[in-house]
Amino acid sequence: MPGRYTLTTDAPALRAAFPWLEIPDELKPRFNVVPTQPVAVVTNEGSHNLDFVTWGLVPSWASEVKMTNLLINARSEGLSKKPSFKGLYRHKRCIVLADGVFEWLPEMQGRKKVKTPYYYYLTDHRPFAFAGLWDNWQSIDGSEIKSCCIITTEPNEVVAKLHHRMGVILKQPDIHTWLSPQEMGPEKLDHLLAPYQPAEEIAYHQVSTLVSNAGNDSPDCIAPLE
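Numbering (the numbering used here), first residue to last: 7 to 232.
Here is the structure:
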């Protein structure tokens, strides 16, 4: 499941991948995106502008905001039934732009078990869109937090080597369906929440434990480990 990811693609390359989307020139590459940070999304409010919202869903009905309780992921199974998500699934969908994902694989080093970081991405290194949900939370003093989470599903054959879940990566023809401002039910959406195929379009490599520190955000985080 995405707990850290990247968006290293520059503005011109993002415009080429998403020509219908307004991309600001000042967009900076991110090599280690961490929950609670602002992330690049497009909501289904009918705009073609990139927005920046908090990664970690704060439901509008929450009585208070606790950063430790933010929902960074939502399982695709049962979205239309769970009270926390069923309204958002019908009305408040978004895409989260990314171009790679980190996963930590438990491995043995001698007698010690360690978590080794790996980085997976599309083999042609193009950016992609995670399916997500968003919401607006408002405090009693009028301040607002706009936030999102990433929807996860079963992994394909490649990602299964690293984790038992993966983020839903939408194919280009499905993005506009997902971003429809109209109310949509599970009969039109559930089939989009499938593992990415073909699986062979995803590659991965081991990276340095630098990425394990949320404060590190540089190209060294994604460099293949010799």
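Beta carbons are placed, not taken as given, at the ideal position from N, Cα and C, and that holds for glycine.
The Cβ neighbour count for G173, taken over all protein chains shown within 10 Å, is at least 16; the residue is labelled buried.
Distance from N79 to I181 at the Cβ level is roughly 19 Å; contact not present, criterion being Cβ atoms closer than 8 Å. Take the alpha-carbon of E51 and the one of H97: they are about 9 Å apart. One thing to note: G62 has its Cβ no nearer than 8 Å to the Cβ of V102.
Straight across, the Cα-Cα distance linking R21 with I29 is about 6 Å. Shown here for L85: same chain residues with a beta carbon closer than 6 Å to its own, the five before and five after excluded, namely F91 and Y95 in chain order.
Excluding sequence positions up to five before and after A23, its CB lies within less than 6 Å of the CB of R132 and P133, all in the same chain and listed in chain order.
Within 10 angstroms of the beta-carbon of E32 lie fewer than 16 other beta-carbons, which makes it exposed.
When rounded, the separation of the alpha-carbon atoms in E160 and A229 is 27 Å.
Rounded to the nearest whole angstrom, the C-alpha separation of Q115 and Q212 is 15 Å. Of W184, P225 and Q178, the smallest CA-CA separation from P25 is found for Q178. With fewer than 16 other CB atoms across the displayed protein chains lying within 10 angstroms of its CB, N55 is exposed.
Runs of the beta strand (DSSP E) lying entirely within the stretch 167-194 and spanning at least 3 residues: none are present.
Residue state for L199 is assigned as coil, using DSSP reduced to three classes. Judged by DSSP secondary structure, G93 falls outside any beta strand (DSSP E) and instead within the alpha helix (DSSP H) spanning K92 to H97.
A19 and L27 have their alpha carbons spaced roughly 12 Å apart.
Put simply, the backbone Cα of W143 is about 23 Å away from that of R10. In the three-state reduction of the DSSP assignment, D226 falls in the helix class, which pools H, G and I. If you look at A209, you'll find it in the beta strand (DSSP E) that goes I208 to Q212. Within a 10 Å sphere around the beta-carbon of R117 sit fewer than 16 other beta-carbons, which makes this residue exposed. Counting along the chain, the unbroken alpha helix (DSSP H) around P18 starts and ends at A17 to A23. Shown here for Q43: same chain residues with a beta carbon closer than 7 Å to its own, the five before and five after excluded, namely W61 in chain order. For T60, the enclosing beta strand (DSSP E) has its first and last residue at D57 to W61. Residue pairing by DSSP places F37 in no beta bridge whatsoever.
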